[in-house]
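Read through the structure below, which is laid out as structure tokens, and then see the notes.
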Amino acid sequence: MQQLHTPHVVVVMGVAGTGKTTIGPLLAARLGVPYAEGDDFHPPANIAKMTAGTPLTDEDRWPWLDAIGGWAHGRAGLGGVVSSSALKRSYRDRLRAAAPGVVFVHLTGSRELIEDRMSHREGHFMPTALLDSQFATLQPLEPDEAGVAVDVAGSPEEITERATTALKALPEPAL
């Protein structure tokens with residue numbers, strides 16, 4: 310298992326149900342860096358809104374993204390993996406403003422596969438009813454954004470292997 314020479318700070322992104330919380334820790338272990346659960350950065354008001362089935366507004370997300378960006382900034386040159394839906398370009402720009410060297414692993418898959426996985430989750434605050442709003446909000450990575458898209462079909466180990474291989478092809482992070 311080969312580690313990257315200079316560890317990236319990786320944001321595992323995607324709509325709810327793509328496996329960010331499953332793949333993030335596996336990827337961090339594979340890269341030999343710490344993992345931070347993006348949901349833990351949400352203020353209680355955001356959790357309450359999502360639990361009630363109310364999509365977050367951009368204003369709700371800014372403090373959350375700033376907290377994730379602060380964590381990522383603190384890991385620059387050390388490496389780390391953090392999960393964040395990062396659905397819009399403006400959200401990723403905000404994360405990059407705080408931590409310019411971050412790279413994104415966009416977990417992608419069909420709506421049917423993701424909805425099926427979400428329906429089998431227990432104890433998570435995000436209801437499947439919000440999946441449509443997540444897909445409507447999603448702006449995939451653009452060519453000028455440092456990152457890779459990784460298909461979520463298959464086992465967590467297969468997805469992690471695809472992500473690790475794709476990350477190795479990226480240039481070393483600028484410090």
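Under this note's numbering, the first residue of the sequence shown is numbered 310, with each subsequent residue one higher. Ideal placement from N, C-alpha and C gives every residue a C-beta, glycine not left out.
Range of the contiguous alpha helix (DSSP H) that encloses residue i
{"i": "L365", "result": "Run containing L365: none; DSSP gives neither H nor E here."}
{"i": "T327", "result": "Here T327 belongs to no alpha helix (DSSP H), and DSSP marks it neither H nor E."}
{"i": "A475", "result": "465–477"}
{"i": "L447", "result": "Premise fails: L447 is in no alpha helix (DSSP H) and is neither H nor E."}
Cut-off 6 Å between Cβ atoms - residues of its own chain near residue i, not counting five sequence neighbours on either side
{"i": "V319", "result": "V390, V412, V414"}
{"i": "E466", "result": "none"}
{"i": "H433", "result": "Legend: pLDDT at H433 = 49, less than 50; position of this residue unreliable, value from coordinates given subsequently. There are no such residues."}
{"i": "S464", "result": "none"}
{"i": "F350", "result": "W373, A376, I377"}
Residue i and residue j closer than 8 Å at C-beta
{"i": "D367", "j": "N355", "result": "no"}
{"i": "K477", "j": "L416", "result": "no"}
{"i": "G410", "j": "A376", "result": "no"}
{"i": "R403", "j": "L374", "result": "yes"}
{"i": "R401", "j": "E454", "result": "yes"}
{"i": "P502", "j": "P372", "result": "The structure shown does not extend to residue 502, since the chain is modelled only from 310 to 484, so the question has no answer here."}
{"i": "V459", "j": "A472", "result": "yes"}
{"i": "I468", "j": "I332", "result": "yes"}
Same chain, Cβ closer than 7 Å to residue i, neighbours up to 5 away in sequence not counted
{"i": "L447", "result": "V324, L396"}
{"i": "P364", "result": "L439, S442"}
{"i": "H382", "result": "A407, A408"}
Range covered by the beta strand (DSSP E) that runs through residue i
{"i": "D460", "result": "456–460"}
Inter-residue CB distance, residue i and residue j (contact presumed, cutoff 8 Å)
{"i": "V461", "j": "T327", "result": "5 Å"}
{"i": "G347", "j": "S392", "result": "4 Å"}
{"i": "M322", "j": "S428", "result": "The Cβ separation is near 22 Å, so there is no contact."}
Next item on the list: Could I get the ranges of all uninterrupted alpha helix (DSSP H) runs contained in the region 341–425, with 4 residues as the minimum, in chain order?
Entry: Counting only runs of 4 or more, we get 353–360, 367–383, 398–407.
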